[in-house]
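Reading through the structure tokens given below for one structure.
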Amino acid sequence: MRQEPIDESVSVRADFQGGAVTPIAFRRRGREHRVVRVNARWVDRVPRHPHYYFSVTDESGDVYQLQLQAGDLVWWLDSVALEG
Amino acid sequence: MARASDTGGTPDAGTGGTGQPAVLHVDIDAFFASIEQQRDPRLRGRPVIVGAGVIASCSYEARRFGLKAGMTLSEARRLCPRAVIIEGHAQVYRCYAEEVFARCREVAPAVETYLDEAYCDLTGTERLHGDLLEAARRLKRSILEATGLTVTCGLGPNRMLAKLVGKTVKPDGLARVTAAGADAFVRDLPVEKLAGVGHAHAKTLRSMNVRTAGDMRVLPVETLVRLFGAPGRLLYERCRGRDTAAVNEREIPVSISRETSFHRDTADRAEIEGMLEYLAGRACRTSRELGVRPRTVGVRLRYADGEGDERERTLPQPSDADPVVLALALDLLARLFTRRVALHNVGLVLSGFTRAGAEQGALFDEREAGRRAALCRAFDGVRSAYGHGVLVSGRALHLKGRLEEDEHGFVLRTPSLTK
Numbered sequence: 001m002r003q004e005p006i007d008e009s010v011s012v013r014a015d016f017q018g019g020a021v022t023p024i025a026f027r028r029r030g031r032e033h034r035v036v037r038v039n040a041r042w043v044d045r046v047p048r049h050p051h052y053y054f055s056v057t058d059e060s061g062d063v064y065q066l067q068l069q070a071g072d073l074v075w076w077l078d079s080v081a082l083e084g
Numbered sequence: 001m002a003r004a005s006d007t008g009g010t011p012d013a014g015t016g017g018t019g020q021p022a023v024l025h026v027d028i029d030a031f032f033a034s035i036e037q038q039r040d041p042r043l044r045g046r047p048v049i050v051g052a053g054v055i056a057s058c059s060y061e062a063r064r065f066g067l068k069a070g071m072t073l074s075e076a077r078r079l080c081p082r083a084v085i086i087e088g089h090a091q092v093y094r095c096y097a098e099e100v101f102a103r104c105r106e107v108a109p110a111v112e113t114y115l116d117e118a119y120c121d122l123t124g125t126e127r128l129h130g131d132l133l134e135a136a137r138r139l140k141r142s143i144l145e146a147t148g149l150t151v152t153c154g155l156g157p158n159r160m161l162a163k164l165v166g167k168t169v170k171p172d173g174l175a176r177v178t179a180a181g182a183d184a185f186v187r188d189l190p191v192e193k194l195a196g197v198g199h200a201h202a203k204t205l206r207s208m209n210v211r212t213a214g215d216m217r218v219l220p221v222e223t224l225v226r227l228f229g230a231p232g233r234l235l236y237e238r239c240r241g242r243d244t245a246a247v248n249e250r251e252i253p254v255s256i257s258r259e260t261s262f263h264r265d266t267a268d269r270a271e272i273e274g275m276l277e278y279l280a281g282r283a284c285r286t287s288r289e290l291g292v293r294p295r296t297v298g299v300r301l302r303y304a305d306g307e308g309d310e311r312e313r314t315l316p317q318p319s320d321a322d323p324v325v326l327a328l329a330l331d332l333l334a335r336l337f338t339r340r341v342a343l344h345n346v347g348l349v350l351s352g353f354t355r356a357g358a359e360q361g362a363l364f365d366e367r368e369a370g371r372r373a374a375l376c377r378a379f380d381g382v383r384s385a386y387g388h389g390v391l392v393s394g395r396a397l398h399l400k401g402r403l404e405e406d407e408h409g410f411v412l413r414t415p416s417l418t419k
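So the sequence lines, in the order shown, correspond to chains A and B. The first sequence begins at 1 in my numbering and counts up by one. The second sequence begins at 1 in my numbering and counts up by one.
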């Protein structure tokens, strides 16, 4: 299992209900990836503004890491986890 | 499946009943590996190893094959060829640990934290929490909801007993030993289970036919001191279930270390010194953030053939300034790196801390020290705002282009997962 870095800014549809943010879908290279499961979420509070991280599985079963930087409200697609 | 046990005595005796000391030990189960299994559901139910060179953490599925922390990866692969090996994500683990410890601080006035465990002082909190075993159960639930991680909790009248009783119910367990039950609980434990008894001490004790804590009690304190030095006094108390160490928010760390292996074994002095400068910068910055200054600087290295060496030396004055620490570290490196063999790993350790400002300065050095401190503060300010990697100094420039960089600085091959 290895992480393939992507490091691209992406558009994300997200749910902000209940005081928590949950990504629903993201768009990369013109294709929308629907998030079928948020596997894990964690927060890095060391930077001046927290960074919110999400491990998500899309409808094809691939596992991606998304990041929301609270300072500028920009979403990043950090990486994809590949088997092998 | 959570498990619970209650060892000896009445439920409140010695664990939170009217002023009795009560310590809760919280241990995150298979910490790094559990996080990796959470982040990627395809890993769940599979043997997972986190580490590079040696196992830093492995899942319970991997442990069934005899794998354990500290084992070399080659041995692990032999025992469990289908294990999934992951180098690890130190930054992610830190975030999770902080979340767990934040939950602990919600229930305990004093929390002493380590990498994947915490001691919570619950003494005197029974009016707030009611039954402390129930409070521990609530804490486990809260940590699980916040992080998805299971923890094992041990509740006891002191730190040692809390940790020991927790170990009997891992993973996802909850156990209590009371003051009344402490004697019986400790008596039959193998001596190796006591803190401070490593392989060498255990071997010495076994040669004397001392195998359990109960056996150890026949040895007078003088004998234990003769055998093991000053720690013999602690062992005399511990084998009786006594531990007087308080739960301390560790404001001053014992040591700060930064180390890494190279992407490729190297004998290139420019690269090695560059890496050492980078590690020194990281360690000094942490030191400044904590408001402490080290008096002792150590360098450790491991050669490609597995041989290793380390050496430390004391600074004339405690200092958290990168150039001061680096000068000594480079001198130590020059004395250590004498073989014509490539290096696999290099590390730097700061220790002997004093509170910044509490030490006496040398009269004529103060102006220079003040300028250095101001420069370091300016560096720290820039790095806090824009990431550590935006400023690279001196020899560390040799790493530019050789290593990838992110907002945290250079991406090291195997940063110590514990840092």
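C-beta: ideal position from N, C-alpha, C; glycine also.
For residue i, the first and last residue of its enclosing alpha helix (DSSP H)
i                      : result
residue 79 of chain B  : 73–79
residue 329 of chain B : 322–336
residue 95 of chain B  : 90–107
residue 284 of chain B : 269–290
residue 266 of chain B : Taken as a continuous stretch (DSSP letters only), residue 266 of chain B belongs to no alpha helix (DSSP H), being part of the beta strand (DSSP E) at 255–266.
residue 147 of chain B : 132–147
residue 59 of chain B  : First-last for residue 59 of chain B: undefined, no H or E at that position.
residue 424 of chain B : Given that chain B is displayed from residue 1 to residue 419, the structure contains no residue 424 of chain B and the question cannot be resolved.
residue 313 of chain B : Element bounds for residue 313 of chain B: not the alpha helix (DSSP H) but the beta strand (DSSP E), 308–314.
residue 215 of chain B : 213–216
residue 207 of chain B : 199–207
residue 183 of chain B : 179–187
residue 234 of chain B : 231–238
Environment of residue i [buried if 16+ CB atoms lie within 10 Å]
i                      : result
residue 255 of chain B : exposed
residue 248 of chain B : exposed
residue 34 of chain B  : buried
residue 220 of chain B : exposed
residue 360 of chain B : Unreliable positioning characterises residue 360 of chain B in this predicted model, as indicated by a pLDDT of 49, which lies under 50. The coordinate reading is nonetheless provided below. Looking at its Cβ environment, which holds fewer than 16 other Cβ atoms inside 10 Å, residue 360 of chain B is exposed.
residue 324 of chain B : buried
residue 358 of chain B : Low local confidence applies: a pLDDT of 49 at residue 358 of chain B is under 50, so the model's placement there is unreliable, with the coordinate-based value given in what follows. Looking at its Cβ environment, which holds fewer than 16 other Cβ atoms inside 10 Å, residue 358 of chain B is exposed.
residue 49 of chain A  : exposed
residue 14 of chain B  : The predicted model places residue 14 of chain B with a pLDDT of 45, which falls under 50 and marks its position as unreliable; any figure quoted below should be read in that light. Per the 10 Å Cβ criterion, buried.
residue 200 of chain B : exposed
residue 244 of chain B : exposed
residue 207 of chain B : exposed
residue 37 of chain B  : buried
residue 26 of chain A  : buried
residue 9 of chain B   : The predicted position of residue 9 of chain B is uncertain, since its pLDDT is 44 and thus under 50; a value taken from the coordinates is nonetheless stated next. Under this definition residue 9 of chain B is a buried residue.
residue 236 of chain B : buried
residue 114 of chain B : exposed
residue 412 of chain B : buried
residue 30 of chain A  : exposed
residue 140 of chain B : buried
Assumed close pair residue i, residue j - CB separation to whole angstroms, cut-off 8 Å
i                      : j                      : result
residue 395 of chain B : residue 270 of chain B : 7 Å
residue 72 of chain A  : residue 91 of chain B  : So it is not a contact: roughly 20 Å between Cβ atoms.
residue 177 of chain B : residue 27 of chain B  : With 8 Å as the limit, residue 177 of chain B and residue 27 of chain B do not qualify as a contact, their Cβ atoms being about 15 Å apart.
residue 133 of chain B : residue 122 of chain B : That pair is no contact at about 10 Å.
residue 53 of chain A  : residue 67 of chain A  : 5 Å
residue 421 of chain B : residue 336 of chain B : The displayed coordinates of chain B run from 1 to 419. Any statement about residue 421 of chain B would go beyond what the structure contains.
residue 25 of chain B  : residue 117 of chain B : 7 Å
residue 1 of chain A   : residue 84 of chain B  : 5 Å
residue 108 of chain B : residue 120 of chain B : 3 Å
residue 36 of chain A  : residue 23 of chain A  : Contact flag wrong, Cβ pair sits at about 11 Å.
Host beta strand (DSSP E) of residue i (start-end)
i                      : result
residue 388 of chain B : Careful: residue 388 of chain B lies outside any beta strand (DSSP E) and carries neither H nor E.
residue 348 of chain B : 343–351
residue 111 of chain B : 110–113
residue 84 of chain B  : 84–86
residue 14 of chain A  : 11–15
residue 25 of chain A  : 22–28
residue 44 of chain A  : 31–44
residue 88 of chain A  : Nothing about residue 88 of chain A can be read from this structure; chain A reaches only from 1 to 84.
Is there contact between the region 57–65 of chain A and the region 35–47 of chain B, where contact requires at least three CB pairs shorter than 8 Å?
yes
Whether or not the region 66–79 of chain A and the region 50–66 of chain B are in contact is what I'm after, with contact meaning three or more pairs of Cβ atoms, one per stretch, closer than 8 Å; do they touch?
no
Are the region 206–219 of chain B and the region 186–195 of chain B in contact at 8 Å, needing three or more beta carbon pairs?
yes
With a cut-off of 8 Å, do at least 3 Cβ pairs link the region 341–354 of chain B to the region 284–296 of chain B?
These segments touch.
Three or more C-beta pairs below 8 Å linking the region 252–268 of chain B and the region 332–346 of chain B
Enough Cβ pairs lie closer than 8 Å, so yes.
Does the structure place the region 293–307 of chain B close enough to the region 369–379 of chain B that three or more beta carbon pairs sit under 8 Å?
no
Okay, do the region 84–101 of chain B and the region 142–151 of chain B touch, 3+ Cβ pairs below 8 Å being the bar?
yes
Scan the region 249–281 of chain B for residues whose Cβ lies nearer than 8 Å to a Cβ of chain A and list them as they occur along the chain.
none
Residues in the region 71–105 of chain B with C-beta within 9 Å of chain A's C-beta atoms, listed in sequence order?
84, 85, 86, 87, 89, 91, 92, 94, 95, 96, 98, 99
Members of the region 29–61 of chain B near chain A, C-beta cut-off 9 Å:
35, 36, 38, 39, 40, 41, 42, 43, 48
Residues, ordered as in the chain, of the region 369–388 of chain B that lie near chain E by beta-carbon distance below 9 Å
You won't find chain E in this structure, because its protein chains are A and B.
Which of the residues in the region 146–163 of chain B, read from start to end, lie with their CB under 7 Å from any CB of chain A?
148
Output, in sequence order along the chain, the residues in the region 48–75 of chain A whose CB is closer than 7 Å to any CB in chain B.
48, 55, 57, 63
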